[in-house]
Amino acid sequence: QIEEILLAILIAAILAAGVAPIVSRLEKIRWTQRGVRLSRIAAIVLVFLGIIVVLLAVGALLVTPLVIETQQFIANFPQRTAELQAQLVSLHAKYAWLPDLAVYVQRLPQELNNLSRFFAPAAGVAFRFLGGVATVITVLFMAFYMLVEGPAIRSGFAALFPRRERAKIEEVLDQIGAKFGGWLRGQLLLGFIIGLAAWLLTSLIGLPYPVLLGIVAGITELVPMVGPTLGAIPAVFLALFQPPVKILFVIAGYAAIQQAESNFVVPRVMRSAVGLSPLLTILALVIGGKLLGIMGALLGVPVAAALQVVVGEIARRVRPNE
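Once you know that position 142 of the sequence shown is 221 in my numbering, the rest is easy, because the numbers rise by one and skip nothing.
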């Protein structure tokens with residue numbers, strides 16, 4: 080329970096930090112010639128309404144092809160597995176030295192259920208947290224009130240320190256908030272880039288359900304390190320029912336996306352978003368994953384960015400002349 084609460088607070092803080100710059104800009108805009116400006120609460124409500132409208136608009140554009148492709152995939156799944164099983168039986172008859180993979184395909188539905196049961200405890204707190212609608216709503220409300228009470232929270236925390244240090248503490252908190260917000264925007268950008276790349280790849284290869292595959296790749300990109308691999312599994316499975324050359328194209332294409340993602344896209348996006356070097360980004364992912372699993376890897380970069388701010392401030396105090 081404590082882990083879930085702390086996780087909810089951290090995610091709410093990151094969400095609030097992500098939209099805080101937009102709120103600040105809306106507060107500064109003069110909406111009339113008399114200089115009328117929005118109050119902070121009005122600006123926050125406007126931002127949340129804007130987010131909802133954007134999500135609904137994107138959903139309206141994607142929901143129809145997504146639903147159609149998902150229904151087609153589910154409806155065709157038994158037929159496709161039967162076709163694959165027949166192909167493997169024929170292949171095994173010609174080449175008896177090969178393992179009888181048809182047996183594994185026949186057990187595929189059961190194995191998928193077993194796989195889901197395996198990942199449930201492995202994901203632990205993270206998947207239980209994300210699966211709770213009530214918790215998600217709570218996080219949104221927490222983020223809303225963090226935005227409303229942000230200045231008061233910052234001043235209250237700074238008041239715990241000596242008066243001469245309060246201005247600097249508030250400055251450090253602002254820098255940490257900027258890092259959190261940059262990380263959130265960077266994650267969304269990464270999901271969009273990888274989802275778009277997967278959609279283009281599967282469309283060019285000619286796989287069915289390219290929109291669905293692109294969305295899956297974009298969402299799984301949020302899972303550090305193993306996300307691209309998880310996103311590739313549905314595409315590889317569908318490629319099994321295509322000519323053999325398409326299987327090679329899919330594997331090679333997703334491998335190229337994964338290499339570009341891990342070695343080029345993620346380090347550079349995170350460096351631009353939170354100011355971490357590529358080496359520190361990779362170290363944060365690895366150390367966070369070792370300590371706290373998937374959620375540790377996911378939140379390792381923003382936590383490392385916050386520590387970078389704190390350590391940098393301490394170093395400036397220890398060596399003020401350097």
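By construction, the Cβ of each residue, glycine as well, lies at the ideal position given by its N, Cα and C atoms.
A quick note: this is a predicted structure, and the numbers were derived from the prediction, not measured.
For the pair L292 and A318, the CB atoms are not nearer than the 8 Å cut-off. Nearest Cα to L301 within the set L267, R233 and P323: L267. Contact between the stretch 242-256 and the stretch 102-121 is absent: fewer than 3 CB-CB pairs across the two stretches fall below 8 Å. Fully contained in the stretch 81-116 are the following alpha helix (DSSP H) runs of length 4 or more, in chain order: 81-107. Using a Cβ distance threshold of 8 Å, I120 and V227 count as a contacting pair.
By the beta-carbon neighbour count (other beta carbons within 10 angstroms, threshold 16), V382 is buried. With respect to V251, E106 sits apart: the two C-beta atoms are not nearer than 8 Å. In the three-state reduction of the DSSP assignment, S282 falls in the helix class. DSSP places P287 in the coil class of the three-state scheme, outside both helix and strand.
Taking C-alpha positions only, L269 is separated from V102 by approximately 23 Å. Runs of the alpha helix (DSSP H) lying entirely within the stretch 291-331, each at least 4 residues long, are 306-318 in chain order. Following the DSSP letters along the chain, one finds S234 inside the alpha helix (DSSP H) bounded by residues G229 to A237.
Under the three-state reduction of DSSP output, F240 falls in the coil class, being neither helix nor strand. Here I131 is exposed. Its C-beta has fewer than 16 other C-beta atoms within 10 Å. About 4 Å separates the beta carbons of F259 and A96, which is inside the 8 Å limit, making them a contact pair.
Taking the C-beta atoms as reference points, P313 is found nearer than 8 Å to V295.
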